[in-house]
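K.L.:
My questions all concern the structure below.
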DNA sequence: TCCAAAATAGAATGAACATTCCAATTTCTG
DNA sequence: CAGAAATTGGAATGTTCATTCTATTTTGGA
């Protein structure tokens, strides 16, 4: 079963279907069709009464229209119009949809291919929402913060560790002095002991926040180390005190996470920093 | 910080206000605040009952929260969340994609935003080609190879290290026994010493292939350890002897690499393995 | 430990809603 | 120009919803 037809696709498909059938509809329903095509957002948010009044028809005409184009009622049609808005912004809803899609595929037999497709869909939407949520201003500010730093300290444990590991790799390749706070061979606190206001810190942490990260972060902030936080919520324990916060919301939980978005962000910071310092 | 307070601005202002007041709210309202910040889309579309149920509180708590942050009721607060979605509708997905591709040419441009867009475009296309190149048969075979393994050894150094680090994290979360060959505290060879035909090995390596990987890989193969290789070319030094090879071609070079595709692949292997062994 | 104040859960309430139904009207058809 | 069929308007219906209210629980202070 090729599903396609979720999110924007479903909306576009419906749009085409309405346009096609427009000619053969009774006049009042044509009127509805025109309004609906011209004001999709009103349909997404409005009630039957509102849409009817704006269209200039009776509420029942709206319901009849919805049925005429293949739905069981207005509410059902409205879902399609809402899904479009979700596809545009709204990472959470979208993420949930793709997760749903994945789960559906998995239910149909747990075939690994379906699992892969699910993660690919997640990854695509994560990248998409990253693209929308990151502003040029924040990127500039981040690079300005990192540029003068003597050493760049990286803190990310548990599921976030691969992100900082990658960042460490790239920054070192680019000739930067990096301290990766991984706690190997002793306490993290000792590794971070030399950090001062002349350095910089990049913290990466997602729910559920790794205890050592939560503990060490405020210490470094208190010592005046300029800090960039990459996390999933403004309420995360690594937000207060950070000079700059990149919020990457709606990450799936625990083992289901791919870290694709944070990786891309971090990569861009490193390369952007390198380009800026020539 | 005087915003015009309409559309997205109003939303951002509200978000900040909620984050600030979070600490001083009673606990149930804090709970609501967290959900609301993390799932704005659910608030935009949902009913009080839905939001309450997803948050895990009573409907009245939602209303109390809305009043606590300065509205007359839930409905009023919801308007702000809806306004954000309306503001974000304009550019269609396809338009954004093509813009992304166009900007890719500007990769050499130094503006960090262009750099990020470039990596995002790369990531998208990497995922796309991964989706095409991986066959269901290979995935099945990989999972069949991993399923009976006692311990799963992971080998990936340099730029590939984040991939295996992530894989190790996920597999351990799922209760698998994992040995991450990272060379910490001694030689990698010693870490791998216990590997036998009853175990399994996943090697990840991309050009230019890390010397230690190239050295250790044939040893393990010679000892009969069933091996899955993830690499960028069939000519790569970790292909010969591997039971199974996932080829992910066309990776950009060295520090420019994001590892997004291998990460997704590896994630799918782990989850697919877990699902298969229920 | 006890008391007062705040917070909360859950039921009650009344409004708003989508949907259904039917009589009135218009549009086809022979 | 009938007569039948389709379409339409508008009221009726049953449901769902946001909101309010109150009894109970929890919290904080003396």
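Protein chains in written order, with our numbering: chain V, 2 to 279; chain S, 2 to 279.
Glycine residues also receive a C-beta, built at the ideal position from the N, C-alpha and C atoms.
Count the other C-beta atoms from every protein chain shown that fall within 10 angstroms of the C-beta of residue 23/V, then say buried if there are 16 or more, exposed otherwise.
P.N.:
exposed
K.L.:
For the beta strand (DSSP E) containing residue 248/S, name the first residue and the last one.
P.N.:
245–248
K.L.:
Residues of chain S with a CB under 9 Å from the CB of residue 228/V: which are they?
P.N.:
Going along chain S, no residue has its Cβ under 9 Å from residue 228/V, so there is no contact; the nearest lies around 17 Å.
K.L.:
Identify the contact partners of residue 141/V in chain S, using a Cβ-Cβ distance below 7 Å as the criterion.
P.N.:
113
K.L.:
Any chance the stretch 150–157 of chain S sits against the stretch 175–191 of chain S, with 3 or more Cβ pairs inside 8 Å?
P.N.:
yes
K.L.:
Please give the ranges of any beta strand (DSSP E) in the stretch 118–166 of chain V, keeping only runs that are unbroken, at least 3 residues long and fully inside the region.
P.N.:
153–156
K.L.:
With 7 Å as the threshold, decide whether the Cβ of residue 163/V is near any Cβ in chain S.
P.N.:
yes
K.L.:
Between residue 192/S and chain V, is the shortest Cβ-Cβ distance under 7 Å, so that the two count as touching?
P.N.:
no
K.L.:
Leaving out five residues on either side along the sequence, give the residues of the same chain with a beta carbon under 6 Å from the beta carbon of residue 49/S.
P.N.:
60, 63, 75
K.L.:
Can you pull out the residues from the stretch 151–184 of chain S whose beta carbon lies closer than 8 Å to at least one beta carbon of chain V?
P.N.:
159, 160, 162, 163, 164, 166, 167, 170, 171, 174, 175
K.L.:
Given a cut-off of 7 Å, decide if residue 218/S and residue 239/S are closer than it, judged by their beta-carbon atoms.
P.N.:
yes
K.L.:
When you compare the CB of residue 27/S with every CB in chain V, is at least one pair closer than 7 Å?
P.N.:
no
K.L.:
Mind checking whether residue 200/S and residue 151/S have CB atoms under 7 Å apart?
P.N.:
yes
K.L.:
Quick one: does residue 221/S have its CB under 7 Å from some CB of chain V?
P.N.:
no
K.L.:
Suppose you measure from the CA of residue 68/V to the CA of residue 43/V; what does that come to, to the nearest Å?
P.N.:
18 Å
K.L.:
Can you tell me whether residue 125/S is buried or exposed, with buried defined as 16 or more other CB within 10 angstroms of its CB?
P.N.:
buried
K.L.:
What number of angstroms, rounded off, separates the C-alpha of residue 29/S from the C-alpha of residue 208/S?
P.N.:
53 Å
K.L.:
Once DSSP output is grouped into helix, strand and coil, what is the label at residue 76/S?
P.N.:
For residue 76/S, the three-state secondary structure derived from DSSP is helix.
K.L.:
Starting from residue 201/V, trace the beta strand (DSSP E) in both directions and tell me its first and last residue.
P.N.:
201–206
K.L.:
Distance, Cα to Cα, residue 92/S vs residue 122/S?
P.N.:
Confidence is the limiting factor: at residue 92/S the pLDDT is only 37, short of 50, which leaves the residue's position unreliable and the question unanswerable from this model.
K.L.:
Rounded to whole angstroms, what is the Cα-Cα separation between residue 18/V and residue 65/V?
P.N.:
Roughly 16 Å between the two C-alpha positions.
K.L.:
Residue 268/S versus chain V: which residues are under 7 Å apart at the beta carbon?
P.N.:
120, 259
K.L.:
So, residue 86/S versus residue 45/S, is the Cβ gap smaller than 7 Å?
P.N.:
By the CB criterion at 7 Å, residue 86/S and residue 45/S fall inside the cutoff.
K.L.:
From the DSSP output, read off the bridge partner residues of residue 180/S.
P.N.:
154/S
K.L.:
With three or more C-beta pairs closer than 8 Å as the rule, is the stretch 111–120 of chain S touching the stretch 135–144 of chain V?
P.N.:
Three or more Cβ pairs closer than 8 Å define a contact, and the stretch 135–144 of chain V meets that threshold against the stretch 111–120 of chain S.
K.L.:
Any idea which residues DSSP pairs residue 232/V with across the strands?
P.N.:
206/V, 248/V
K.L.:
Between 21/S, 25/S, 81/S, which has its C-alpha nearest residue 41/S's C-alpha?
P.N.:
Ranking the options by Cα distance to residue 41/S, first place goes to 81/S.
K.L.:
So is residue 1/V in contact with chain S if we call contact Cβ pairs under 7 Å?
P.N.:
No information on residue 1/V is available, as it lies outside the stretch 2 to 279 that chain V covers here.
K.L.:
Run through DSSP, which three-state label would residue 12/S get?
P.N.:
helix
K.L.:
Can you give me the Cβ contacts of residue 94/S inside the same chain, cut-off strictly under 8 Å, excluding the 5 residues immediately before and after it?
P.N.:
Because residue 94/S sits at a pLDDT of 38, beneath the cut-off of 50, its placement in the model cannot be relied upon, and the point is left open.
K.L.:
Specify the secondary structure class of residue 19/V as computed by DSSP and reduced to three states.
P.N.:
In the structure shown, residue 19/V sits in a helix (DSSP, three-state: H, G or I).
K.L.:
Any beta carbon from chain V within less than 7 Å of residue 132/S's own beta carbon?
P.N.:
yes
K.L.:
Anything in chain V within Cβ reach of residue 146/S, meaning under 7 Å, just list it in chain order.
P.N.:
None at all; the shortest Cβ gap to chain V is about 12 Å.
K.L.:
Using a Cβ cut-off of 7 Å (strictly closer), state whether residue 236/V contacts chain S.
P.N.:
yes
K.L.:
Could you tell me the boundaries of the alpha helix (DSSP H) in which residue 222/V lies?
P.N.:
Taken as a continuous stretch (DSSP letters only), the alpha helix (DSSP H) holding residue 222/V covers 212–223.
K.L.:
In whole angstroms, give me the CA-to-CA distance for residue 120/V and residue 268/S.
P.N.:
8 Å
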